[in-house]
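One structure is given here, and the rest of the page talks about it.
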Amino acid sequence: MPAKGSLCIVIGLMSFIGITRGFVADLSILAFAGTPTGKVVPFNGHLFDGKPKPQDPKASFNVTEFFGAHGPEVTDQKVEKAISYLREKMGIQKIASTGYCFGGRYAFRALGIPQNKGVLVGFAAHPSLLGDEEIKAIKGPASLAVAEGDASMMANRRTDIEAAMGTTGQPFTMTLYGGTPHGFATHPDLNNPVQKAAKEDAFLQAVRFFETWL
1 MPAKGSLCIV IGLMSFIGIT RGFVADLSIL AFAGTPTGKV VPFNGHLFDG
51 KPKPQDPKAS FNVTEFFGAH GPEVTDQKVE KAISYLREKM GIQKIASTGY
101 CFGGRYAFRA LGIPQNKGVL VGFAAHPSLL GDEEIKAIKG PASLAVAEGD
151 ASMMANRRTD IEAAMGTTGQ PFTMTLYGGT PHGFATHPDL NNPVQKAAKE
201 DAFLQAVRFF ETWL
């Protein structure tokens with residue numbers, strides 16, 4: 001049995017759409033990129049009190065209300081509580097965050113928790129509502145996968161994000177995936193070769209980054 005401190009935990013901060021079994025498997029591989037004894041903690045239902053977006057496409061869903069009900073004042077404490085439990089109760093020292101869509105913002109915010117109480121490394125794909133100050137606050141290496149067709153992260157915004165990451169003094173990568181929509185790293189159209197390749201490449205981007213910095 002490996003020592004607790006040698007374990008690697010990747011906290012998966014998900015989209016409000018939900019996650020698939022295959023995607024949990026991907027996250028598990030990301031955890032093993034940190035150490036041979038990696039584990040993953042998918043955080044989807046916990047972030048939303050067990051009520052992510054309904055899977056039924058015909059069900060009513062108000063995105064604005066959802067984001068309003070799950071802002072930083074609500075979500076940060078859940079993420080911080082999970083990190084604190086892993087570190088203080090379970091003795092886990094290698095903790096990383098990976099976030100997608102809604103969760104991408106909180107993967108960065110987890111890197112900005114002060115007094116060495118946050119995660120060590122973060123990866124985010126097509127994050128929603130990620131602000132410059134949240135980027136500038138990071139205290140560890142960060143990697144970002146960006147969709148060319150993401151309406152909330154067009155060329156001007158991508159330039160601002162790159163500039164903000166450059167002020168942190170932390171190692172970072174930022175990769176733009178051409179021909180992709182928001183959500184390509186979690187729910188791509190696998191019949192579209194561009195989206196399929198981008199999903200696989202973004203996954204490998206995260207693996208390589210964790211292998212280097214975790």
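Residue numbers (UniProt numbering): 1 to 214.
Ideal Cβ positions, reconstructed from N, Cα and C, are used throughout, including at glycine.
All figures in this text were calculated on a predicted structure; none of them were measured in a lab.
In this structure, the beta-carbon distance from alanine 96 to lysine 136 does not fall below 8 Å. In this structure, Lys117 is the residue among Gly104, Arg105, Lys117 with its C-alpha nearest to the C-alpha of glutamine 93.
Spanning the alpha carbons of glutamate 211 and proline 141 requires a straight line of approximately 12 Å. Its Cα nearest to that of aspartate 132, the residue Met153 stands out among Met153, Met90, Val10. Here alanine 69 is actually not in contact with glycine 99; their C-beta atoms are around 18 Å apart, not less than 8 Å. Within the DSSP bridge table, the entry for valine 146 names Leu176 as partners. Around the C-beta of valine 74, fewer than 16 other C-beta atoms lie within 10 Å, and the residue is accordingly described as exposed. Secondary structure at alanine 124: strand, using DSSP grouped into helix, strand and coil.
The C-alpha of phenylalanine 203 is placed about 21 Å away from the C-alpha of isoleucine 161. When DSSP reads this structure, leucine 13 sits in a beta bridge with Gly99. Contact check for serine 128 against glycine 104 passes: the beta carbons are separated by less than 8 Å.
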